[in-house]
Amino acid sequence: MSAAKTESECSPNRKEAFREGVRHGLAVPSIVVFATMLGYGSLAHANGFSAFEALLSTALVWAMPGQVAMADLKASGADLFVTLLAVSMASVRFFPMATILVGTFRDAVTHPLKRIFIAHLMSASTWPMGMAAAQRMNKESALAYYWPVAGLCITMGCIGTLAGYWLSADMPAIVRLTLVFLNVVFLSLLFALNRDRLVILAVCAGAVIGPPLHSIEPNYGVILTGLIGGTLAYIILGRRR
Amino acid sequence: MSAAAISPLALVLLAASVTFLWRVLGALLASKIDTDGALFRWIGCVSYATVAGLISRMAILPTGDLADTPLMLRVGAVAIGFAVFFLAKRNLLLGAAVGAGCFAGGLAILTY
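As given, the protein sequences belong to chains A and B, one line each in that order.
Quick note: the first sequence, position 51, residue 51 per this note's numbering, numbers continuous.
Every number in this note's numbering is 1000 more than the matching position in the second sequence, counting from 1.
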């Protein structure tokens, strides 16, 4: 009884939670998403996608590593099968992430399509925000918070993609190259945000064996890197928890 | 068949499908499986290693116009970005801005 009372006192109602979500959605995460997608838009331009295709890939894939893999492997002449397998391997972490996030909201959302929509809007920045909200609010309020946060982030991502695409078309070579290079900087720093030792080891293993494996086997190099690097990290640190 | 052989639009739709698949699977199986189990830990490792390998290859052996820039400039700019990121208490925007800024500055010096 007292626990329920505490929750209703501390937890904002849905309207308050929604407003907080709008405020948080417009702050740092959406600026980060905008900046990362600025780089992706330039990469898409450099690798022969139209503005519409670039926008569509951000809205429908909504996973920067997968999008960068798609654009880069297309340009490097990899097999279609290898490209899609690499995109899929880059995005497979959404499986456990969606299981956890949707599982957290399962009582607030029963419609399967709505659950899938929660999973689609999920990204490296919106997932922790949704999880944190579910910790400090009741589930209905946390969901009212998640929708604007996630909706604003994907909107800013789409705007950033188009901005990067069009900047690339008109700007001098230095700006174009720097925007494409921004993909490399952002994705490597995103890894550095992680504090899990197992993830850090997997990242280091992949980063070290990636370039040599690509030289030996240009087509399947990226797949072999993931399988060998990931399995190696798992054998060293992942078997016991 | 090369990925460049199909239309870019088809490639985007296929890439979206293979990503969406994992999200849908996760949403439908929500809280019915143990996400901390051995299989998921291995899957996570493979996923992170794949992306890390791709990014490190893009920095060291890039395709396209980036291939014409010096290796030391690319690696140096990433290293400076990392240093600033950690010095600024893991500030992602600052680290990325300084890293990209160093790259642009280096290119400007080399070009002119």
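Cβ atoms here follow ideal geometry from the backbone N, Cα and C, with glycine treated the same way.
- Each residue's CA atom was taken as its position, placing residue 1054 of chain B and residue 197 of chain A some 20 Å apart.
- In the three-state reduction of the DSSP assignment, residue 1031 of chain B falls in the coil class, being assigned neither a helical nor a strand state.
- Assignment of beta-bridge partners to residue 1002 of chain B by DSSP yields A:79.
- DSSP places residue 1061 of chain B in no alpha helix (DSSP H); its state is neither H nor E.
- Distance from the CA of residue 85 of chain A to the CA of residue 223 of chain A, rounded to the nearest whole angstrom, comes to 7 Å.
- Secondary structure note for residue 95 of chain A: its alpha helix (DSSP H) is the uninterrupted segment 94 to 104.
- Around residue 30 of chain A, the same chain offers 152, 153 and 156 as residues with beta carbons nearer than 7 Å, after the five sequence neighbours per side are excluded.
- Chain B places no beta carbon closer than 8 Å to that of residue 170 of chain A, leaving this residue out of the contacts.
- Secondary structure of residue 48 of chain A (DSSP, three-state): coil.
- Residues 87, 90 and 91 of the same chain have their beta carbon placed closer than 7 Å to that of residue 66 of chain A, with the five preceding and five following residues left out of the count.
- Taking 8 Å as the CB threshold, residue 1076 of chain B stays off the interface with chain A.
- In terms of Cβ geometry, residue 37 of chain A and residue 161 of chain A form a close pair [threshold 8 Å].
- Rounded to the nearest angstrom, the gap between the Cα atoms of residue 20 of chain A and residue 105 of chain A is 18 Å.
- DSSP, reduced to helix, strand and coil, places residue 16 of chain A within a helical segment of the structure shown.
- Going by DSSP, residue 111 of chain A is part of no alpha helix (DSSP H) at all; its letter is neither H nor E.
- Linking residue 176 of chain A to residue 1075 of chain B through their CA atoms gives a straight-line distance of about 18 Å.
- Of all C-beta pairs linking the stretch 126 to 145 of chain A to the stretch 1021 to 1038 of chain B, fewer than three are shorter than 8 Å, placing the two stretches out of contact.
- Nearest CB-CB separation between residue 128 of chain A and chain B: not below the 8 Å threshold.
- Not flagged as an interface residue toward chain A: residue 1072 of chain B, since no C-beta distance is shorter than 8 Å.
- When C-beta distances to chain B are compared with 8 Å, the residues of the stretch 55 to 71 of chain A below that value are 56, 57, 60, 61, 62, 63, 65, 66, 67, 68, 69 and 70, in chain order.
- Taken through DSSP and simplified to helix, strand or coil, residue 62 of chain A comes out as coil.
- Within its own chain, the residues whose Cβ lies closer than 7 Å to the Cβ of residue 194 of chain A, once the five positions on either side in sequence are excluded, are 200, listed in chain order.
- Of the other Cβ atoms in all chains shown, 16 or more fall within 10 Å of the Cβ of residue 1099 of chain B; this residue is therefore buried.
- With respect to the 8 Å criterion, residue 1105 of chain B and residue 95 of chain A are not classified as neighbours on the basis of their beta carbons.
- Burial is judged here by how many other beta carbons sit within 10 angstroms of a residue's own beta carbon; residue 165 of chain A has at least 16 and is buried.
- A residue is called buried when at least 16 other Cβ atoms come within 10 angstroms of its Cβ; residue 111 of chain A does not meet this threshold and is exposed.
- With 16 or more other CB atoms across the displayed protein chains lying within 10 angstroms of its CB, residue 25 of chain A is buried.
- 8 Å or more divides the Cβ of residue 140 of chain A from the Cβ of residue 192 of chain A.
- For residue 225 of chain A, the enclosing alpha helix (DSSP H) begins and ends at 221 to 233.
- The DSSP assignment places 173 to 192 as complete runs of the alpha helix (DSSP H) inside the stretch 156 to 209 of chain A, in order along the chain (cut-off: 4 residues).
- Counting the other Cβ atoms within 10 Å of the Cβ of residue 1089 of chain B gives fewer than 16, which makes it exposed.
- The residue from A:149, A:225, A:68 and A:233 with its alpha-carbon nearest to that of residue 40 of chain A is A:68.
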